[in-house]
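Structure, as structure tokens:
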Ligand code: DX5
Ligand code: ZN
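In my numbering, the protein residues as written are 725 to 971.
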């Protein structure tokens with residue numbers, strides 16, 4: 725079955741002591757996912773710490789499935805080259821953190837901003853350009869309370885918007901329903917501006933919320949607990965595909 729909706733299983737819910745087995749289980753299956761989603765957390769921007777560039781580099785050696793790297797870190801300017809060098813195919817930054825001097829000023833996974841100065845807009849453009857210069861695709865992510873209107877200056881220069889449908893930091897949380905209207909806001913803005921955008925939703929996605937999210941505008945679904953958290957990740961991935969393929 726093929727579908728226009730892309731699926732990005734999150735390795736955050738995979739078996740960290742048997743990662744290669746868990747990765748290959750899906751990437752070498754009959755219908756591999758379109759992406760592997762990798763959650764990078766620094767213990768500052770979010771209250772959790774996960775993995776870094778060596779992990780991305782090691783992963784790149786065992787799969788050709790594109791790597792979707794989600795940076796939940798303060799001051800991504802300092803570290804984004806590490807992930808590009810390691811083989812990220814898509815690198816997504818949080819708009820709340822992608823500002824000069826943002827280090828330490830946006831503690832906690834509820835970090836939000838209500839406006840961007842012209843200087844901050846230009847700064848974010850330079851980060852997106854650095855990702856593109858490395859040959860990767862560039863994404864911007866928003867926490868649940870950050871207004872989608874702040875993305876308006878970037879529709880021409882980003883490839884993907886990642887809307888958090890939980891407060892970032894942990895897998896297995898419940899989908900925040902307000903994310904649906906936000907997905908539609910981004911879809912409508914992209915259409916109005918003629919931007920060919922990937923719209924990714926991340927957090928609490930299962931077969932049920934996947935349908936709602938796709939109807940609202942998502943075309944890339946991250947799922948951790950609902951895929952790698954299940955006894956049969958292949959069947960779990962198929963279940964989500966089946967739930968959205970007719971939409
Ligand atoms: C949370 C991460 C997500 C996480 C999603 O901060 O960004 O990618 O893995 O996990 P589930 O699908 O279990 O909500
Ligand atoms: Zn993520």
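Heads up, the beta-carbon is just placed ideally off N, CA and C, and yes, glycines get one too. In this text the structure is predicted, and so the values were computed from the model without any measurement.
Between the alpha carbons of residue 941 and residue 904 lies a gap of roughly 8 Å. In the three-state reduction of the DSSP assignment, residue 733 falls in the strand class. Of the heavy atoms belonging to ligand 2, at least one sits nearer than 8 Å to the Cβ of residue 794.
For residue 886, the shortest C-beta to heavy atom distance toward ligand 2 is below 8 Å.
Look at residue 816 here: in three-state DSSP terms it is strand.
Counting other Cβ atoms within 10 Å of its Cβ, residue 786 stays below 16 and is therefore classed as exposed.
By DSSP's assignment, residue 793 forms a beta bridge with 762, 815. In this structure, the C-beta of residue 766 stays at least 8 Å away from each heavy atom of ligand 1. In this structure, the C-beta of residue 930 stays at least 8 Å away from each heavy atom of ligand 2. With a 10 Å radius around the Cβ and a threshold of 16 neighbouring Cβ atoms, residue 926 comes out buried.
Shortest gap from the CB of residue 892 to any heavy atom of ligand 2: under 8 Å.
Just measuring C-alpha positions, the residue of 793, 900, 918 sitting nearest residue 861 is 793. Counting of Cβ neighbours within 10 angstroms places residue 850 among the exposed residues, the total staying below 16.
Within the DSSP secondary-structure output, residue 865 pairs in a beta bridge with 818, 886. Distance from the C-beta of residue 761 to the nearest heavy atom of ligand 2 is below 8 Å.
Spatial neighbours of residue 808 in its own chain (CB-CB distance under 7 Å, excluding positions within 5 residues in sequence) are listed in chain order as 815, 855, 858, 860. Here the alpha carbon of residue 902 sits roughly 22 Å from the alpha carbon of residue 730.
For the pair residue 754 and residue 841, the Cα-to-Cα distance works out to about 48 Å. By the Cβ test, the stretch 742 to 751 is in contact with the stretch 952 to 964, since at least three Cβ pairs between them sit closer than 8 Å. Going by DSSP, residue 967 is part of the alpha helix (DSSP H) stretching over 957 to 968. One Cα belongs to residue 820, the other to residue 837, and the distance between them is close to 6 Å.
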